[in-house]
Amino acid sequence: MPILLYYGVWGVSTTFSPASPAVGAESCPRMLLTDDLLLAYKRCDRRFFLNLWGDRRQQDPEREFIQKLRQENQQQINDLLTNYDWVRPEYPRGDWAAGAAVTAALMAAGASCVYRGVLLGTGKALSADATLEFLGRPTFLVKQPGRSRWGDWSYQPVNVKLGKRPKPEYKLVTTLHAELLEQLQGAPVVSPELVLREQQVYRVIWRTGSRVCGQRSPNVSKSEPPPPLQKCSFRASGAAFANG
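The working numbering numbers the first residue of the sequence shown as -10 and each following residue consecutively.
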């Protein structure tokens, strides 16, 4: 099994804690940073910016090519689900706090595999007096031997992607999931896994403390050409904005 060395995190303090209201939190600005946003940031600064603040009316309809990729990835996941005695958290759509609570309860009960669980955590931004809330949704949380806060078992995240190679954005998102899970279960996540096309399995060996994205701000300057936009929902408007 190939082993990949990767470093986290990305311009925030490296101390995470499971998300919960803190004293004085109501006076502290908060921002939800999801694994989808992190993936977008790694691929394209403009895409990250537009996903947060872009005009949704300017989004392109989802292309058949993207729909096909999404269906293929889901089939890939469905094939892997046959290997697990799995359970999926049930919670109101978009209620991430409820989803995280149900996910934690399933892991505390010793579920063999949690499909599309929700992980939440908080961290402090380096360059602003604000609290960042992190949301991760790994494809699987798989039970394994090892002491955790719940007993003689722990979990590791497994992400299933359709790509042929372990792209940096896949590794970065997997690192986020590992950090959030480690804080939740109170036990190390040694080697989170990536499963790619044709069930190629990679172990991501990660280290905390480095800043992958540093303090770099999204590049929305019109003077630089945009990266490839094949998978961007702001394909037309984003290219027009970037090219002035």
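Where a beta carbon is used, it is the ideal one built from N, C-alpha and C, also for glycine.
Backbone secondary structure at residue i - three-state DSSP
{"i": "residue 158", "result": "helix"}
{"i": "residue 112", "result": "strand"}
{"i": "residue 142", "result": "strand"}
{"i": "residue 79", "result": "coil"}
{"i": "residue 88", "result": "helix"}
{"i": "residue 52", "result": "coil"}
{"i": "residue 57", "result": "helix"}
{"i": "residue 164", "result": "helix"}
{"i": "residue 73", "result": "coil"}
{"i": "residue 153", "result": "coil"}
{"i": "residue 176", "result": "coil"}
{"i": "residue 94", "result": "helix"}
Inter-residue Cα distance where the pair is residue i and residue j
{"i": "residue 28", "j": "residue 148", "result": "13 Å"}
{"i": "residue 182", "j": "residue 88", "result": "22 Å"}
{"i": "residue 104", "j": "residue 92", "result": "9 Å"}
{"i": "residue 72", "j": "residue 131", "result": "11 Å"}
{"i": "residue 30", "j": "residue 158", "result": "9 Å"}
{"i": "residue 75", "j": "residue 194", "result": "25 Å"}
{"i": "residue 179", "j": "residue 67", "result": "26 Å"}
{"i": "residue 96", "j": "residue 154", "result": "30 Å"}
{"i": "residue 191", "j": "residue 58", "result": "21 Å"}
{"i": "residue 109", "j": "residue 54", "result": "32 Å"}
{"i": "residue 146", "j": "residue 172", "result": "13 Å"}
{"i": "residue 133", "j": "residue 78", "result": "19 Å"}
{"i": "residue 56", "j": "residue 90", "result": "31 Å"}
{"i": "residue 83", "j": "residue 156", "result": "28 Å"}
{"i": "residue 81", "j": "residue 60", "result": "24 Å"}
{"i": "residue 86", "j": "residue 94", "result": "12 Å"}
{"i": "residue 170", "j": "residue 52", "result": "34 Å"}
Residues bridged to residue i (per DSSP)
{"i": "residue 129", "result": "104 and 147"}
{"i": "residue 189", "result": "185"}
{"i": "residue 122", "result": "21 and 111"}
{"i": "residue 134", "result": "142"}
Pair within 9 Å by beta-carbon distance, residue i and residue j
{"i": "residue 135", "j": "residue 143", "result": "yes"}
{"i": "residue 188", "j": "residue 69", "result": "yes"}
{"i": "residue 129", "j": "residue 22", "result": "no"}
{"i": "residue 99", "j": "residue 127", "result": "no"}
{"i": "residue 125", "j": "residue 166", "result": "yes"}
{"i": "residue 24", "j": "residue 162", "result": "yes"}
8 Å Cβ shell around residue i - same chain, five flanking residues per side excluded
{"i": "residue 176", "result": "135, 136, 137, 138 and 143"}
{"i": "residue 62", "result": "149, 150 and 151"}
{"i": "residue 174", "result": "96, 137, 138, 139, 143 and 144"}
Residues near residue i by beta carbon distance below 7 Å, same chain, minus five either side
{"i": "residue 65", "result": "149 and 151"}
{"i": "residue 186", "result": "151, 152 and 153"}
Residues near residue i by beta carbon distance below 6 Å, same chain, minus five either side
{"i": "residue 102", "result": "73, 75, 129 and 131"}
{"i": "residue 17", "result": "Residue confidence is low: residue 17 scores 46 on pLDDT, short of 50, so the model does not pin down where it sits. Its coordinate-derived value is still stated next. The answer, listed in chain order, is 120."}
Residue i: CB within 8 Å of a non-hydrogen atom of the ligand MN
{"i": "residue 28", "result": "With respect to the ligand MN, the structure offers nothing, as it holds no ligand at all."}
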